[in-house]
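Residue numbers (my numbering): 1 to 369.
C-beta atoms are modelled at their ideal positions from N, C-alpha and C, and glycine is treated no differently.
Notes follow the structure.
If you want it as structure tokens, here you go:
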């Protein structure tokens, strides 16, 4: 019975991946020893590797450990290819896999081939379930698919969602992740933020605790209330997500689950992603660093402040073709939108990478935190 699945026997715990930092036009792969590998590219885009001694280079003060997570990995082949291209260009440092998506197997293979740090994007709202025992359940509509982003919330609010079935599907998705990747996810969050919803958050936290998955996402974005450029319907949805996330903090704490100090990504999605808007969002993270240090009694003088951890949620890729991809129902408008390519182009912009360098921002994965 999928509802009683225990942590997968023999599954590897997440490997510690290397991080990256854009420094003087190079992408620096950091390790704990004194030597880092610098990857640069020639005019043909070919990687050139060389070694340098870290103590011989003056590095900017490290202020932020930034996890840039590409969500919806596995959605379709084109989305996968765009996410890999973004990773190789230093635009993202981490991905989140939809195991019930059409190209999940391809995504898992690409992650292995390119050594992309990978977590699980638990999906309870789009497409078909992984757990075979749930083909008829409170999770599904009359057509045998999940209820959708808003439909899931409506069924949950009506009291008709069976939490035992939610738990069974979450466990089945972790098992499927292990089958695809050979290891447990380094982190686990929820597609369309379902993991912070009432009742679901408790089950979600229990499952993560049972499997020893220590990191999740808490989507509370500093500065969100001042984003007047967001249309009212999005602002309302995001503020509800934030309210649900704040109410999840006590639950996640109780189960020993962790998350980065700051979350970003709601105000920078799609066409709202620009260099200036990303810089605005990251400036809130830098301000939060000073605030956190002050609360800890740190005067935050030169070299005294510890770097804060930040997750930036993004959705880069090449737009899905009609009838290709998805999670069983075909691709949605979001995946077919040119916004996916827009995000890809913004994230690999050299101007943004220079900003990281100037501000002491290190790109890393959840497994580096």
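For residue 212, same chain residues with a beta-carbon under 6 Å away, outside a window of 5 residues either side, do not exist.
The alpha carbon of residue 121 has as its nearest neighbour, out of 357, 348, 216, the alpha carbon of 216. Exposed is the label assigned to residue 182, since fewer than 16 other Cβ atoms lie within 10 Å of its Cβ. Under the Cβ criterion (8 Å, minimum of three pairs), the region 134-146 does not count as touching the region 71-88. The Cβ atoms of residue 128 and residue 152 do not sit closer than 8 Å to each other.
No Cβ-Cβ contact shorter than 8 Å links residue 203 with residue 161.
Taken atom to atom, the span from the alpha-carbon of residue 159 to that of residue 357 is near 49 Å. By the neighbour-count criterion, in which 16 or more other beta carbons inside 10 Å mark a residue as buried, residue 65 falls on the buried side.
In the displayed model, residue 269 falls within coil according to three-state DSSP, outside both helix and strand.
Straight-line measurement puts the Cα of residue 347 at about 19 Å from the Cα of residue 286. According to DSSP, residue pairing for residue 118 in a beta bridge involves 95. In the assembly as shown, residue 157 is an exposed residue. Its beta-carbon has fewer than 16 other beta-carbons within 10 Å.
Around residue 81, the same chain offers 318 as residues with beta carbons nearer than 7 Å, after the five sequence neighbours per side are excluded.
Rounded to the nearest whole angstrom, the C-alpha separation of residue 307 and residue 291 is 12 Å. Secondary structure in the region 206-238: no beta strand (DSSP E) run of 3 residues or longer lies completely within the stretch. Separation of the CB atoms of residue 241 and residue 193 is rounded to 5 Å, and the pair is thereby assigned contact status at 8 Å. Going by DSSP, residue 126 is part of no alpha helix (DSSP H) at all; its letter is neither H nor E. One thing to note: residue 255 has its Cβ within 8 Å of the Cβ of residue 209.
Less than 8 Å divides the Cβ of residue 257 from the Cβ of residue 214. Where residue 311 is concerned, the enclosing beta strand (DSSP E) starts and stops at 308-314. For the set 63, 91, 109, the Cα lying nearest the Cα of residue 74 is the one of 109.
In the structure shown, residue 136 falls within a coil segment according to DSSP collapsed to helix, strand and coil. In this structure residue 270 is not in contact with residue 320, their Cβ atoms being roughly 15 Å apart against a cut-off of 8 Å. Annotation for residue 150: the continuous alpha helix (DSSP H) segment containing it runs 149-157. Straight-line spacing of the CA atoms in residue 113 and residue 107 works out to 10 Å. Going by beta carbons, residue 311 and residue 69 fall inside the 8 Å limit. DSSP, read as helix, strand or coil, puts residue 145 in coil. Sequence-distant Cβ neighbours of residue 251 in its own chain, meaning closer than 8 Å and more than five residues away, are 201, 202, 205. Residue range 64-73 is occupied by the beta strand (DSSP E) that includes residue 66. Per DSSP, reduced to three states, the secondary structure at residue 368 is helical. Excluding five sequence positions before and after residue 196, the CB atoms of its chain that fall closer than 6 Å to its own CB belong to 244, 245, 248, given in chain order. Judged by DSSP in its simplified three-state form, residue 163 adopts helix. The C-alpha of residue 313 lies about 15 Å from the C-alpha of residue 341. About 13 Å separates the Cβ atoms of residue 278 and residue 221, ruling out a contact at the 8 Å cut-off. Within a 10 Å sphere around the beta-carbon of residue 147 sit 16 or more other beta-carbons, which makes this residue buried. Take residue 141, set aside five residues on each side of it, and the residues of its chain with a beta-carbon closer than 6 Å to its own are 147, in chain order.
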